[in-house]
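Peer 1: Got a structure here, written out as structure tokens. Questions coming.
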Amino acid sequence: MEGDATLPYRVATMQHLVTTEALLVSLRSDVRAGRRDTTIARWAGDLLGTTRMLRDSPAGEDPQLKRLLEDLELVLAQIARLPGARGEAADLSLIDDAVQRRQLMTRLRAITPGT
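Take the sequence shown: its letters are residues 38 to 152, numbered as in the numbering used here.
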């Protein structure tokens, strides 16, 4: 039964997407408040690795989910590379713009149950 074999990947993917959504909400809050939580870059780096693994797993065989994971990969890579103290306001604003342009929050909420 193929559906049973992919269930762990689907569960892991949904959990990952919920966590990624939380990061993006935190980022947006920081951008609007004009502050930066330095742990966000590390958090994004952790999520980036998981995003790449899920993209290459059976979960990435779903075309809609694969596109979402690819878009998240790009944004998470940008967040993970944020500089420490200098130039971050402009960088954060550009990343937030990319999140909005790619409609990542809308797409995340559409695919994850109960968020």
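C-beta: ideal position from N, C-alpha, C; glycine also.
(1) When the Cα atoms are used, what is the spatial distance from SER130 to LEU54?
(2) Mark LEU64 as exposed unless 16 or more other C-beta atoms lie within 10 angstroms of its C-beta, in which case mark it buried.
(3) Following the continuous alpha helix (DSSP H) through GLY78, name the residue where it begins and the one where it ends.
(4) Measure the CB-CB distance between ALA96 and LEU105 and report whether it falls below 8 Å.
(5) Under 6 Å Cβ to Cβ from ALA117, same chain only, skipping five residues before and after it: list those, please.
(6) Kindly indicate which three-state DSSP category THR57 falls into: helix, strand or coil?
Peer 2: So, to answer that:
(1) The residue labelled residue 130 in the question sits at position 93 within the sequence shown. The residue labelled residue 54 in the question sits at position 17 within the sequence shown. The alpha-carbon atoms of SER130 and LEU54 are separated by roughly 22 Å.
(2) For this step, residue 64 is matched to residue 27 along the sequence shown. By the Cβ neighbour-count rule, LEU64 is buried, with 16 or more other Cβ atoms within 10 Å of its own.
(3) Here residue 78 is taken as the residue at index 41 of the sequence shown, counted from 1. Checking the sequence, you will find Ala at residue 78 rather than Gly. Following the DSSP letters along the chain, one finds ALA78 inside the alpha helix (DSSP H) bounded by residues 76-92.
(4) For the purposes of this step, residue 96 is taken as the residue at position 59 of the sequence shown. For the purposes of this step, residue 105 is taken as the residue at position 68 of the sequence shown. No, the pair does not count as a contact, with Cβ atoms beyond the cut-off.
(5) Along the sequence shown, read from residue 1 onward, the residue named residue 117 stands at position 80. Correct list, in chain order: ALA78, ALA81, GLY82, LEU85.
(6) Stepping through the sequence shown from its first residue, residue 57 is reached at position 20. Helix at THR57.
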